[in-house]
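Chemist: In terms of this note's numbering, the sequence shown opens at residue 233 and continues consecutively. The C-beta atom is built at its ideal place from N, Cα and C for all residues, glycine as well. Nothing here was measured: the structure is a model prediction, and the numbers come from that model. Just passing along the structure, written as structure tokens.
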Amino acid sequence: TLVDNTAIQRCWIKDKNKMSFFPYPSSHNNRNLKKFWSQGQDCPVVFWIGHHPAVLMGTQAKLTYPESHWEACGGLIGQALRLTPSKTFGDKIMVPADAEIVIEGYAPANILEADGPFGEYTGYTGPQVAAPIINVTSISMRKNAIYHDYGSGLTDMLVPDNMAMEGKVFNLCKQVAPSLINVHVPSQGRRFNAYLQFKNPGPGEVKDALTAALSYRRLKMVLGVDDSIDIFNDSEIMFALATRVQWSRDSFIIDGLSGSLLDPSTPAGARTLSKIGVDASLPLSTLPNIPPPVPPQSRVPDDIMKRAFKFVAEYDNFHWPKS
């Protein structure tokens, strides 16, 4: 395609000049790799390690194919990303000029070796797989380079891609639900759960959006709430589930949708699974400017809570009060 693609990839260093890596079968990296291999060519690959966190976030942008991530990276840092030609491939593959470490090499055509098992985003150890290898041709680094790594399968690994998923799911669902105002993919749900928030949705709009979100491959449980619930607060999410849902009325299951190969709840090798949507939004009002037909929620007024928090923050808890 003559268009590069950037993603976070795990690697297994096998010896001083060889390592393996696993591009997910449906990923853009894998599509590029297979195009070289289909022509009997080794695939040029560059790994770069360490940069501004916003640049790493840009690499997780969910783009069309083929489309370079460099513009997304530059958009997040507010200026064009500085690039420089790679040592092995020249300007055919540009690399971030301010990366800490750059490793270059070729993935020899149709050569696969055992890779893993490693910790996965699911929170479990994944299966060993057959994966491409890289024959390293060049390693360069900054003086006193910082090696930036993720804990495989831990929360720090989840955050960048989960945030990118939120943007993708928002754009996907906004087309069918104009009342959608926010999306959250919580790390507690790995990459399988999402919360959608709506403001004054029309009849059927929440379930339209839930159905659209479930078409996203990784998601298998999507919950819809209104703007009275903070989707970034799991206590409020549990409150909505406990008090606003009748399962026969508010939930639906769709079988046979595409899912993640790494989902530990599915049989080995399964490509499809069941997904669930749950509408935990308040019922719609029957008349204009009239509150929904539900009991008022028991809350401490916001101004009282602010005064209480201020008092606690300023209270001297290390000395007994004077008599």
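#1: Looking at the unbroken alpha helix (DSSP H) that takes in K439, where does it start and where does it end?
#2: Can you name the start and end residues of the beta strand (DSSP E) that A346 belongs to?
#3: Does the distance from the C-beta atom of F484 to that of G456 stay below 7 Å?
#4: Tell me the DSSP bridge mates of Y322?
#5: Between the segment 349-361 and the segment 300-311, can you find at least three pairs of beta-carbon atoms closer than 8 Å?
#6: In the DSSP assignment, the beta strand (DSSP E) including E336 goes from what residue to what residue?
#7: Which residues does DSSP list as the beta-bridge partners of K507?
#8: Here's a check: name, in chain order, each residue in its chain whose Cβ is nearer than 6 Å to the Cβ of E437, leaving out the five neighbours to either side.
#9: Does DSSP put T192 in a helix, a strand or coil?
#10: Check whether chain C comes within 7 Å of G509, counting only Cβ atoms and requiring the distance to be less than that.
#11: Mapping DSSP to helix, strand and coil, what is V361?
#12: Does DSSP put A426 in a helix, in a strand, or in coil?
#13: Report yes or no: do the segment 313-324 and the segment 339-349 share at least 3 C-beta pairs separated by less than 8 Å?
#14: Taking the CB atoms as reference points, tell me whether G322 and L313 lie closer together than 7 Å.
#15: Since K439 and D459 are thought to touch, with beta carbons under 8 Å apart, how far apart are those beta carbons, to the nearest angstrom?
#16: Is it the case that the segment 324-331 contacts the segment 267-285, given that we only count it when at least three CB pairs across the two stretches are under 8 Å?
#17: So R374 packs on E332, CB below 8 Å; how close in whole Å?
#18: Given G230, which residues of its chain have a CB within under 7 Å of its CB, disregarding the five upstream and five downstream residues?
Modeler: In terms of the structure at hand:
#1: Taking the first residue of the sequence shown as position 1, residue 439 is located at position 207. Per DSSP, K439 belongs to the alpha helix (DSSP H) from E437 to L446.
#2: Counting from 1 along the sequence shown, the entry for residue 346 is found at position 114. Taken as a continuous stretch (DSSP letters only), the beta strand (DSSP E) holding A346 covers L344 to D347.
#3: Taking the sequence shown and counting its residues from 1, one reaches residue 484 at position 252. Taking the sequence shown and counting its residues from 1, one reaches residue 456 at position 224. Not a contact, by the Cβ cut-off of 7 Å.
#4: Walking along the sequence shown from the start, residue 322 turns up at place 90. One point to set straight first is that residue 322 is Gly, not Tyr, in the sequence displayed. Paired residues: S318.
#5: Touching, no, given that fewer than three Cβ pairs across the two stretches are closer than 8 Å.
#6: Taking the first residue of the sequence shown as position 1, residue 336 is located at position 104. In the DSSP assignment, E336 falls within the beta strand (DSSP E) that extends over I333 to A339.
#7: The residue labelled residue 507 in the question sits at position 275 within the sequence shown. In the DSSP assignment, K507 forms a beta bridge with I486.
#8: Reading the sequence shown from its first residue, position 205 is the one you call residue 437. Result list for E437: A409 and S411, in chain order.
#9: With the chain covering 233 to 555 only, the question about residue 192 has no answer from this structure.
#10: The structure shown contains no chain C; it is built from a single protein chain.
#11: As a position in the sequence shown, residue 361 is number 129, starting the count at 1. Note: V361 maps to strand in three-state DSSP.
#12: In the sequence shown, the residue the question calls residue 426 occupies position 194. Assignment of A426 by DSSP, reduced to helix, strand and coil, places it in the strand class.
#13: Verdict: no, contact absent.
#14: Taking the first residue of the sequence shown as position 1, residue 322 is located at position 90. Taking the first residue of the sequence shown as position 1, residue 313 is located at position 81. Remark: C-beta atoms of G322 and L313 do not approach each other more closely than 7 Å.
#15: Within the sequence shown, numbered from 1, the residue matching residue 439 stands at position 207. Within the sequence shown, numbered from 1, the residue matching residue 459 stands at position 227. About 17 Å separates the two Cβ atoms, so there is no contact after all.
#16: Short answer: they touch.
#17: Indexing the sequence shown from 1 puts residue 374 at position 142. Indexing the sequence shown from 1 puts residue 332 at position 100. With a Cβ gap of about 5 Å, R374 and E332 count as contacting.
#18: In the structure displayed, the chain extends from 233 to 555; residue 230 sits before or after that span and is not available.
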